[in-house]
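Residue numbers (full-length UniProt numbering), protein chains in the order written: chain R, 1 to 251; chain E, 1 to 251. The beta-carbon is built from N, C-alpha and C at its ideal position, and this holds for glycine as well. Predicted model only: the values in this text are computed from it and were never measured.
There are 2 protein chains.
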Amino acid sequence: MTTDHAPQGYEAILTALRREIAAGQIAIGEAIPSEAELCARFRTSRGPVRQALGRLRDEGLISSGRGRRSVVLETVPVQPFDVALSFTQWCREMGVRPGQRTQRMMRRPAQRAEADALELADGEPVVSLLRLRLADDVPIMLERLTYPLEVGQHVLTFDPDSGSIFERLLGSGVDIHHATRSLDAVAADAEDARLLDVAPGAPLLRMQRRAFTMDGRPIEWSDDRYLPGHARFASTTVRGAVNSLSLLRGL
Amino acid sequence: MTTDHAPQGYEAILTALRREIAAGQIAIGEAIPSEAELCARFRTSRGPVRQALGRLRDEGLISSGRGRRSVVLETVPVQPFDVALSFTQWCREMGVRPGQRTQRMMRRPAQRAEADALELADGEPVVSLLRLRLADDVPIMLERLTYPLEVGQHVLTFDPDSGSIFERLLGSGVDIHHATRSLDAVAADAEDARLLDVAPGAPLLRMQRRAFTMDGRPIEWSDDRYLPGHARFASTTVRGAVNSLSLLRGL
DNA sequence: TAGTGGTCTAGACCACAGA
DNA sequence: CTGTGGTCTAGACCACTAG
Numbered sequence: 001m002t003t004d005h006a007p008q009g010y011e012a013i014l015t016a017l018r019r020e021i022a023a024g025q026i027a028i029g030e031a032i033p034s035e036a037e038l039c040a041r042f043r044t045s046r047g048p049v050r051q052a053l054g055r056l057r058d059e060g061l062i063s064s065g066r067g068r069r070s071v072v073l074e075t076v077p078v079q080p081f082d083v084a085l086s087f088t089q090w091c092r093e094m095g096v097r098p099g100q101r102t103q104r105m106m107r108r109p110a111q112r113a114e115a116d117a118l119e120l121a122d123g124e125p126v127v128s129l130l131r132l133r134l135a136d137d138v139p140i141m142l143e144r145l146t147y148p149l150e151v152g153q154h155v156l157t158f159d160p161d162s163g164s165i166f167e168r169l170l171g172s173g174v175d176i177h178h179a180t181r182s183l184d185a186v187a188a189d190a191e192d193a194r195l196l197d198v199a200p201g202a203p204l205l206r207m208q209r210r211a212f213t214m215d216g217r218p219i220e221w222s223d224d225r226y227l228p229g230h231a232r233f234a235s236t237t238v239r240g241a242v243n244s245l246s247l248l249r250g251l
Numbered sequence: 001m002t003t004d005h006a007p008q009g010y011e012a013i014l015t016a017l018r019r020e021i022a023a024g025q026i027a028i029g030e031a032i033p034s035e036a037e038l039c040a041r042f043r044t045s046r047g048p049v050r051q052a053l054g055r056l057r058d059e060g061l062i063s064s065g066r067g068r069r070s071v072v073l074e075t076v077p078v079q080p081f082d083v084a085l086s087f088t089q090w091c092r093e094m095g096v097r098p099g100q101r102t103q104r105m106m107r108r109p110a111q112r113a114e115a116d117a118l119e120l121a122d123g124e125p126v127v128s129l130l131r132l133r134l135a136d137d138v139p140i141m142l143e144r145l146t147y148p149l150e151v152g153q154h155v156l157t158f159d160p161d162s163g164s165i166f167e168r169l170l171g172s173g174v175d176i177h178h179a180t181r182s183l184d185a186v187a188a189d190a191e192d193a194r195l196l197d198v199a200p201g202a203p204l205l206r207m208q209r210r211a212f213t214m215d216g217r218p219i220e221w222s223d224d225r226y227l228p229g230h231a232r233f234a235s236t237t238v239r240g241a242v243n244s245l246s247l248l249r250g251l
């Protein structure tokens, strides 16, 4: 669902700068052009220029401050929303071939944790999947997905081994607007161990996710368990910018 | 290092709205005042109002879009920079009593991984600490901190059981400007197991962090291992907003 | 002191959602 | 259709940094 038209307005400035930084045309530690120079180059006023620079700052790509030139930081790449939610998109971005082996797909009554997460009554029907995800044919992650029936019907009529459920849902008009994620570590249970080919009790990195529509209805609940060493999560925090990763107390 | 003066300009709008949302004066799912209303209320133009709203959007507190009113989301709290970097600050925010039991503090030559992370030559002197961190006297996290000597000297002349190293460094004029963090899961080694009181091999949530000055010099390298169940990391991602948590390939 | 980025003003046009 | 938020313009003043 990524539009690949040449961006206009402040997004043109944003992608141009992002590209130049990524390509190393502006080295780490070097100053980017001043706002005045960017205004001239893109024939625009300061508004759009500052909008683009603000985004780069929030992403941790540059550092700026009163009186100083803005400077390129050593940085962790920031991923767009789609990549953040879709294993398939993530693989593409990483240059590996995404794969999946669906273990189970079923319609059944919601268990308590699922009902809570999806804001359903206990026992209401949900669609649940258990899929092993592969990168270049190597098992990397085990995902347990749960959808309310209304959403899950689009999944039931879909071959889950054929590609991205996320893209399928978007194509079906399901509007995923925002998501919350929680990261912790768990010991592999028997099923995890068998499918990911590790010893029972081995440490796994778990990401639990809830996805919502614009009006706040939960439409997906997932429990993804990653093999450490094959995947990790990263973030950059800059003083004065937004910091979207929080440390919370236990469940 | 948090200034507590009454904020001015767009920050006044920001904190006012944040407070109202936090206090539940605007319930989840409800619309916040329109931009025009906020302009009138704060006697300002759209610029500052939009600056405040943009921040709230990036933080995942509200959702907005063309033609629609902006709406309060169910949300994960966003933590300021200090809280994100300081266990002591985090505990205060969470309403628990921070504690620490320093196991080791020493000056020694850098090991290879440390030298890499701090951009030092192999064997250059560093200051390293091993501290068990407690919340309400319960062990929660084991931290291994490493500083280049130049920074570490401020730590050596400090009683590490007396409080926050982060605050000590800020007070010594060490300017921590940005940080990168990486999250994965590891099995507890013998030392971890003994200090955190778990079985060897038990899963731990690991956060590795590098902190930098404004000009990009690394000034801290840390490896924090959290007991799962006592702490987890969370993030909210909103379509169109910045997403500062990235999934990366293995190390 | 000259130039920078941070903030603000007071307008404007547009795409879109909801009544 | 009206009002909303998204974007843009062309100015302005300020605090600050670097030369």
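Measuring straight from C-alpha to C-alpha, what distance separates residue i and residue j?
{"i": "residue 130 of chain E", "j": "residue 39 of chain E", "result": "51 Å"}
{"i": "residue 244 of chain R", "j": "residue 50 of chain E", "result": "19 Å"}
{"i": "residue 3 of chain R", "j": "residue 212 of chain R", "result": "In this prediction, residue 3 of chain R scores a pLDDT of 39, lower than 50, which makes its location untrustworthy; the coordinate-derived value is nonetheless stated afterwards. Rounded to whole angstroms, residue 3 of chain R to residue 212 of chain R spans 22 Å at the Cα level."}
{"i": "residue 111 of chain E", "j": "residue 12 of chain E", "result": "47 Å"}
{"i": "residue 6 of chain E", "j": "residue 14 of chain E", "result": "12 Å"}
{"i": "residue 194 of chain R", "j": "residue 10 of chain R", "result": "49 Å"}
{"i": "residue 21 of chain E", "j": "residue 76 of chain E", "result": "12 Å"}
{"i": "residue 70 of chain R", "j": "residue 30 of chain R", "result": "8 Å"}
{"i": "residue 114 of chain E", "j": "residue 151 of chain E", "result": "14 Å"}
{"i": "residue 81 of chain E", "j": "residue 155 of chain R", "result": "40 Å"}
{"i": "residue 18 of chain E", "j": "residue 8 of chain E", "result": "15 Å"}
{"i": "residue 165 of chain R", "j": "residue 190 of chain R", "result": "26 Å"}
{"i": "residue 25 of chain R", "j": "residue 171 of chain R", "result": "37 Å"}
{"i": "residue 42 of chain E", "j": "residue 159 of chain R", "result": "54 Å"}
{"i": "residue 169 of chain E", "j": "residue 157 of chain E", "result": "11 Å"}
{"i": "residue 54 of chain E", "j": "residue 48 of chain E", "result": "10 Å"}
{"i": "residue 1 of chain E", "j": "residue 227 of chain E", "result": "Here the model assigns residue 1 of chain E a pLDDT of 41, short of 50, so the residue's position is not dependable, and the following value carries that caveat. If I take the Cα positions, the gap works out to 28 Å."}
{"i": "residue 176 of chain R", "j": "residue 214 of chain R", "result": "7 Å"}
Would you identify the three-state DSSP class for residue i, choosing helix, strand or coil?
{"i": "residue 208 of chain R", "result": "strand"}
{"i": "residue 175 of chain E", "result": "coil"}
{"i": "residue 99 of chain R", "result": "strand"}
{"i": "residue 120 of chain R", "result": "coil"}
{"i": "residue 30 of chain R", "result": "coil"}
{"i": "residue 227 of chain E", "result": "coil"}
{"i": "residue 144 of chain E", "result": "strand"}
{"i": "residue 199 of chain R", "result": "coil"}
{"i": "residue 138 of chain R", "result": "strand"}
{"i": "residue 2 of chain E", "result": "Note that residue 2 of chain E has pLDDT 40, beneath the 50 cutoff, so the model's placement of it is unreliable and the number below is only indicative. The answer is coil: DSSP assigns residue 2 of chain E none of H, G, I, E or B."}
{"i": "residue 183 of chain R", "result": "strand"}
{"i": "residue 112 of chain E", "result": "helix"}
{"i": "residue 133 of chain R", "result": "strand"}
{"i": "residue 217 of chain R", "result": "coil"}
{"i": "residue 126 of chain E", "result": "strand"}
On a Cα-Cα basis, can you pick out the residue from the options that is closest to residue i?
{"i": "residue 236 of chain E", "options": "R:207, R:136, R:168", "result": "R:207"}
{"i": "residue 132 of chain E", "options": "E:147, E:100, E:138, E:249", "result": "E:100"}
{"i": "residue 187 of chain E", "options": "R:137, R:198, R:182", "result": "R:198"}
{"i": "residue 116 of chain E", "options": "E:162, E:163, E:221, E:238", "result": "E:221"}
{"i": "residue 143 of chain E", "options": "E:86, E:241, E:92", "result": "E:86"}
{"i": "residue 182 of chain E", "options": "R:150, R:54, R:179, R:246", "result": "R:246"}
{"i": "residue 78 of chain R", "options": "R:122, R:66, R:123, R:94", "result": "R:94"}
{"i": "residue 161 of chain E", "options": "E:104, E:189, E:232", "result": "E:104"}
{"i": "residue 98 of chain E", "options": "E:140, E:228, E:177, E:27", "result": "E:140"}
{"i": "residue 89 of chain E", "options": "E:163, E:48, E:210", "result": "E:163"}
{"i": "residue 209 of chain R", "options": "R:202, R:146, R:153", "result": "R:146"}
How would you write the range of the beta strand (DSSP E) that residue i sits in, first residue to last?
{"i": "residue 234 of chain R", "result": "231–238"}
{"i": "residue 249 of chain E", "result": "245–249"}
{"i": "residue 317 of chain E", "result": "In the structure displayed, chain E extends from 1 to 251; residue 317 of chain E sits before or after that span and is not available."}
{"i": "residue 69 of chain R", "result": "Note, residue 69 of chain R: premise wrong, no beta strand (DSSP E); not H, not E."}
Along the chain, where does the alpha helix (DSSP H) that runs through residue i open and close?
{"i": "residue 11 of chain E", "result": "10–22"}
{"i": "residue 77 of chain E", "result": "That residue, residue 77 of chain E, is in no alpha helix (DSSP H); it is neither H nor E in DSSP."}
{"i": "residue 94 of chain R", "result": "87–94"}
{"i": "residue 56 of chain E", "result": "46–58"}
{"i": "residue 41 of chain R", "result": "35–42"}
Write down the C-beta distance between residue i and residue j rounded to the nearest angstrom, noting that I regard them as a contact closer than 8 Å.
{"i": "residue 174 of chain E", "j": "residue 148 of chain E", "result": "Not really, about 11 Å apart at Cβ, beyond 8 Å."}
{"i": "residue 218 of chain E", "j": "residue 56 of chain E", "result": "Actually they do not touch by this definition, with Cβ atoms about 32 Å apart."}
{"i": "residue 242 of chain R", "j": "residue 242 of chain E", "result": "6 Å"}
{"i": "residue 73 of chain R", "j": "residue 216 of chain E", "result": "6 Å"}
{"i": "residue 34 of chain E", "j": "residue 238 of chain E", "result": "No, residue 34 of chain E and residue 238 of chain E are not in contact; Cβ-Cβ is about 19 Å, not under 8 Å."}
{"i": "residue 234 of chain R", "j": "residue 180 of chain E", "result": "7 Å"}
{"i": "residue 203 of chain R", "j": "residue 185 of chain E", "result": "4 Å"}
{"i": "residue 60 of chain R", "j": "residue 178 of chain E", "result": "7 Å"}
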